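A.B. asks: Residue numbering for the sequence shown follows full-length UniProt numbering, starting at 1 and increasing by one per position.
From the three backbone atoms N, C-alpha and C, an ideal C-beta is built for every residue, glycine too.
Please read these numbers as outputs of a predicted model, since none were measured by experiment.
The structure follows.
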Amino acid sequence: MRPWVAVALAVGCIGWGGNQFTPLLIAYTQQSGYSRVDVDVLLGAYVLGLIPGLLLASVLSDRHGRRRVLLAGLVSSLLGSVILAAGDVLGFSALFAGRLLSGLAVGIAMAVGSAWITELSRPPHDDASPGAGARRASICLSVGLALGPLFAGLLAALAPLPLVLAYVLHAALCLPAIWVVHRYSVETREGRGGGTILQGLRVPAAAHRRFVHVVIPMAPWIFGSAAIAYAIIPALVADELGRWALPYTAGLTVLTLVCGVLVQPIARRLDDHSSARAIVVSMVLMACGVFAAVATAVTRSVLLALVVAMLLGCAYGIAIVSGLLEIQRIADPDELAGISGVYYSLAYLGFLLPAVLAALAHYFSYPVMLTAVGLLALVCSICCATGWSKHLAPTT
Numbered sequence: 001m002r003p004w005v006a007v008a009l010a011v012g013c014i015g016w017g018g019n020q021f022t023p024l025l026i027a028y029t030q031q032s033g034y035s036r037v038d039v040d041v042l043l044g045a046y047v048l049g050l051i052p053g054l055l056l057a058s059v060l061s062d063r064h065g066r067r068r069v070l071l072a073g074l075v076s077s078l079l080g081s082v083i084l085a086a087g088d089v090l091g092f093s094a095l096f097a098g099r100l101l102s103g104l105a106v107g108i109a110m111a112v113g114s115a116w117i118t119e120l121s122r123p124p125h126d127d128a129s130p131g132a133g134a135r136r137a138s139i140c141l142s143v144g145l146a147l148g149p150l151f152a153g154l155l156a157a158l159a160p161l162p163l164v165l166a167y168v169l170h171a172a173l174c175l176p177a178i179w180v181v182h183r184y185s186v187e188t189r190e191g192r193g194g195g196t197i198l199q200g201l202r203v204p205a206a207a208h209r210r211f212v213h214v215v216i217p218m219a220p221w222i223f224g225s226a227a228i229a230y231a232i233i234p235a236l237v238a239d240e241l242g243r244w245a246l247p248y249t250a251g252l253t254v255l256t257l258v259c260g261v262l263v264q265p266i267a268r269r270l271d272d273h274s275s276a277r278a279i280v281v282s283m284v285l286m287a288c289g290v291f292a293a294v295a296t297a298v299t300r301s302v303l304l305a306l307v308v309a310m311l312l313g314c315a316y317g318i319a320i321v322s323g324l325l326e327i328q329r330i331a332d333p334d335e336l337a338g339i340s341g342v343y344y345s346l347a348y349l350g351f352l353l354p355a356v357l358a359a360l361a362h363y364f365s366y367p368v369m370l371t372a373v374g375l376l377a378l379v380c381s382i383c384c385a386t387g388w389s390k391h392l393a394p395t396t
């Protein structure tokens, strides 16, 4: 087994655990009596664990090695699923704690796993083409994020104990993943780094003008688009689906992420060292997807919702890859994990969008709110376009 494959399997497993909660949102409202705001808060709760995980894990992995920190992420993911399996009995606080642990694990996987896969995709570990590390990292994460809701949705629809079995399955999968990383991975950063934790948290590349003017306006839309596709849209059409609402939600989640995976070869071709072409294309697709979501909110069409998922899934796939390629050109090798942590922290802020809109739904309708979101996406598209060929990193 190639070393990067072992890390990819771990990242995919952690992504599975982070997203398996999504199709069960409707089950928690219908079977457990939680409100729409409650479940959207739980959906976004793991951002509170994820962002510290993203920022601290990169520093710790530079000091103590990638392997140790990623193994800690797998353990956190396992514990998160165990707590979530008991959460429907233990209550909201337990569910919140389980989501925090799942988020911490995803943060570690994204910052450390992505940087580690990139390092293992270069000589002397691999002779892959330039950019292969970014594609491998984003694809394995996206596959994990898709498999989690797929199996959770199937188990919830076809098996007993829908709010238990999905988590038990994932916890069981974490055990061989821990063994694979321990047995087959190759350490790339052990024993490096010094100074205090606060000094380690400084990432000079995050102040690079290219990052500020092009990457930052796009980053929150990466998972903001995904959150619209598989958290907001299913709830808007749930009344039209009856008992099929839960499997439909799972299918919509999988469709979004499958489109995100399938479009990534196109994203690589769109990427251009001399322009922000790929990022601007992703943002235009974002805006189109959000305005299609407005139409879905008005019509409650389950077919139009599928179009929204495909548009936003493609936007997600192009955005995540193009952003990774941009930061790899900006950052020095010693800063790669740190800038990856900053990048993904910004990206995951978008996952708070469903909770924000659910809270504002007392005052505004979803068509109105989504229209405002679409206009904001257009503004961010213009911001990215204004940095089209500015502040470019030197080519090698």
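Since Y230 contacts T256 with CB under 8 Å, what's their CB separation in whole angstroms?
C.D. replies: Against the sequence shown, residue 230 aligns to sequence position 230. Against the sequence shown, residue 256 aligns to sequence position 256. With a Cβ gap of about 5 Å, Y230 and T256 count as contacting.
A.B. asks: What are the start and end residues of the alpha helix (DSSP H) that includes L163?
C.D. replies: Taking the sequence shown and counting its residues from 1, one reaches residue 163 at position 163. No alpha helix (DSSP H) holds L163; DSSP gives it neither H nor E.
A.B. asks: How would you write the range of the alpha helix (DSSP H) that R63 sits in, first residue to last?
C.D. replies: Residue 63 sits at position 63 when you count from the first residue of the sequence shown. R36 to H64 is the span of the alpha helix (DSSP H), which, as asked, contains R63.
A.B. asks: The alpha helix (DSSP H) spanning I382 covers which residue range?
C.D. replies: The residue given as residue 382 occupies position 382 in the sequence shown. Residues Y366 to T386.
A.B. asks: Going by alpha carbons, who is nearest to A97 out of R268, S81, C383 and G338?
C.D. replies: Position 97 of the sequence shown, counted from the first residue, corresponds to residue 97. Answer by Cα proximity: S81.
A.B. asks: Considering Cα atoms alone, identify which of G113, F291, I339 and A137 is closest to G317.
C.D. replies: For this step, residue 317 is matched to residue 317 along the sequence shown. Ranking G113, F291, I339 and A137 by Cα distance to G317 puts A137 first.
A.B. asks: What are the start and end residues of each continuous alpha helix (DSSP H) run of 4 or more residues lying completely inside the stretch 310-373, in chain order?
C.D. replies: As summarised for the stretch 310-373, the continuous alpha helix (DSSP H) elements at least 4 residues long and confined to that stretch are 336-348 and 353-360, given in chain order.
A.B. asks: To the nearest angstrom, how far is it from the Cα of Q20 to the Cα of F151?
C.D. replies: Here residue 20 refers to the residue found at position 20 when the sequence shown is read from its first residue. Here residue 151 refers to the residue found at position 151 when the sequence shown is read from its first residue. Spanning the two alpha carbons is a distance of roughly 8 Å.
A.B. asks: Per DSSP, what kind of secondary structure is T396 in: helix, strand or coil?
C.D. replies: As a working note, residue 396 is residue 396 in the sequence shown. Since pLDDT at T396 reaches only 48, below the 50 mark, its modelled position is unreliable, and the value read off the structure follows with that caveat. Reduced to three states, the DSSP call for T396 is coil.
A.B. asks: So, for A6: in the same chain, excluding its five sequence neighbours on each side, which residues have a beta-carbon less than 8 Å away from its beta-carbon?
C.D. replies: In the sequence shown, residue 6 corresponds to position 6, counting from 1. Here the set comprises V180, V181, R183, Y184 and S185.
A.B. asks: Decide yes or no for the touch test of the stretch 208-218 against the stretch 375-384: beta carbon pairs closer than 8 Å, at least 3 of them.
C.D. replies: yes
A.B. asks: Helix, strand or coil: how does DSSP classify L169 here?
C.D. replies: Locating residue 169 in the sequence shown gives position 169, where the first residue counts as 1. Helix.
A.B. asks: What is the rounded straight-line gap between the Cα of T396 and the Cα of H273?
C.D. replies: Walking along the sequence shown from the start, residue 396 turns up at place 396. Walking along the sequence shown from the start, residue 273 turns up at place 273. Reliability fails at T396, whose pLDDT of 48 lies under 50, so the model's placement of it is uncertain and the value that follows must be treated cautiously. Computed Cα separation, rounded: 10 Å.
A.B. asks: What's the call for D239, buried or exposed, on a 16-neighbour Cβ count within 10 Å?
C.D. replies: What you label residue 239 is simply residue 239 of the sequence shown in a count that begins at 1. Classification of D239: exposed, given that the 10 Å Cβ count is below 16.
A.B. asks: For D272, which three-state DSSP category applies?
C.D. replies: Residue numbering aside, residue 272 sits at position 272 when the sequence shown is read from its first letter. Coil.
A.B. asks: Assuming L146 and V284 make a contact with CB atoms under 8 Å, what is their CB distance in whole Å?
C.D. replies: The residue labelled residue 146 in the question sits at position 146 within the sequence shown. The residue labelled residue 284 in the question sits at position 284 within the sequence shown. It is worth fixing the name first, because residue 146 is Ala in this sequence and not Leu. That belief does not hold up - the Cβ atoms of A146 and V284 are roughly 24 Å apart, past 8 Å.
A.B. asks: Compute the distance between the beta-carbons of G289 and A315, then report whether it is under 8 Å.
C.D. replies: Numbered from its first residue, the sequence shown carries residue 289 at position 289. Numbered from its first residue, the sequence shown carries residue 315 at position 315. Yes, the Cβ-Cβ distance between G289 and A315 is below 8 Å.
A.B. asks: Nearest by alpha-carbon distance to S275: which of V356, L378 and K390 is it?
C.D. replies: Within the sequence shown, residue 275 is the residue found at index 275, counting from 1. Residue K390 is the option with its Cα nearest to S275.
A.B. asks: Check for me: the alpha helix (DSSP H) holding I232 runs from which residue to which?
C.D. replies: What you label residue 232 is simply residue 232 of the sequence shown in a count that begins at 1. First-last for I232: undefined, no H or E at that position.
A.B. asks: Provide the residue span of the alpha helix (DSSP H) that contains I228, from first to last.
C.D. replies: The residue you call residue 228 lines up with position 228 of the sequence shown. Looking at the DSSP string, I228 is not in any alpha helix (DSSP H), and its letter there is neither H nor E.
A.B. asks: Would the stretch 117-128 count as touching the stretch 67-82 if we require 3 or more Cβ pairs under 8 Å?
C.D. replies: no
A.B. asks: Going by C-alpha distance, which of L25, L360 and V368 is nearest A297?
C.D. replies: Position 297 of the sequence shown holds residue 297. Of L25, L360 and V368, the residue nearest in Cα terms is V368.
A.B. asks: What span of residues does the alpha helix (DSSP H) with F291 cover, start to end?
C.D. replies: On the sequence shown, residue 291 is found 291 positions in, with the first residue counted as 1. Looking at the DSSP string, the run of the alpha helix (DSSP H) that includes F291 is R277 to T299.
A.B. asks: Put L262 into one of helix, strand or coil per three-state DSSP.
C.D. replies: Residue numbering aside, residue 262 sits at position 262 when the sequence shown is read from its first letter. If DSSP states are grouped into helix, strand and coil, L262 belongs with the helices.
A.B. asks: Under 8 Å Cβ to Cβ from L378, same chain only, skipping five residues before and after it: list those, please.
C.D. replies: Translated into the one-based positions of the sequence shown, residue 378 becomes position 378. The answer, listed in chain order, is A287.
A.B. asks: Where does Q20 fall in DSSP's three states?
C.D. replies: One-based indexing of the sequence shown puts residue 20 at position 20. Of the three classes helix, strand and coil, the one that applies to Q20 here is coil, per DSSP.
A.B. asks: What separation, rounded to the nearest whole angstrom, lies between the Cα atoms of L376 and F291?
C.D. replies: The residue given as residue 376 occupies position 376 in the sequence shown. The residue given as residue 291 occupies position 291 in the sequence shown. C-alpha separation (whole angstroms): 11 Å.
A.B. asks: Our contact map puts Y348 next to I51 with C-beta atoms below 8 Å; I'd like the distance itself, whole angstroms only.
C.D. replies: Walking along the sequence shown from the start, residue 348 turns up at place 348. Walking along the sequence shown from the start, residue 51 turns up at place 51. Indeed they touch by this definition, with Cβ atoms about 7 Å apart.
A.B. asks: Under 8 Å, do L353 and A227 count as touching if we go by C-beta distance?
C.D. replies: The residue labelled residue 353 in the question sits at position 353 within the sequence shown. The residue labelled residue 227 in the question sits at position 227 within the sequence shown. Cβ atoms of L353 and A227: closer than 8 Å.
A.B. asks: In terms of residues, what are the limits of the alpha helix (DSSP H) holding W116?
C.D. replies: As a working note, residue 116 is residue 116 in the sequence shown. Taken as a continuous stretch (DSSP letters only), the alpha helix (DSSP H) holding W116 covers S114 to L120.
A.B. asks: Leaving out five residues before and five after V237 in sequence, what residues of the same chain have Cβ atoms less than 6 Å from its Cβ?
C.D. replies: Taking the first residue of the sequence shown as position 1, residue 237 is located at position 237. Within the same chain, V237 has close Cβ partners R300, V302 and A305.
A.B. asks: Applying the criterion that 16 or more other CB atoms from any shown protein chain within 10 Å of the CB defines a buried residue, is S58 buried or exposed?
C.D. replies: For the purposes of this step, residue 58 is identified with residue 58 of the sequence shown, where counting begins at 1. In this structure S58 is buried. Its beta-carbon is surrounded by 16 or more other beta-carbon atoms within 10 angstroms.
A.B. asks: Starting from the C-beta of L241, find all residues in its chain whose C-beta is less than 8 Å away, skip the five residues before and the five after it, and write them out in chain order.
C.D. replies: Here residue 241 refers to the residue found at position 241 of the sequence shown. Once the five neighbours on either side are set aside, the close Cβ partners of L241 are Y248 and V302.
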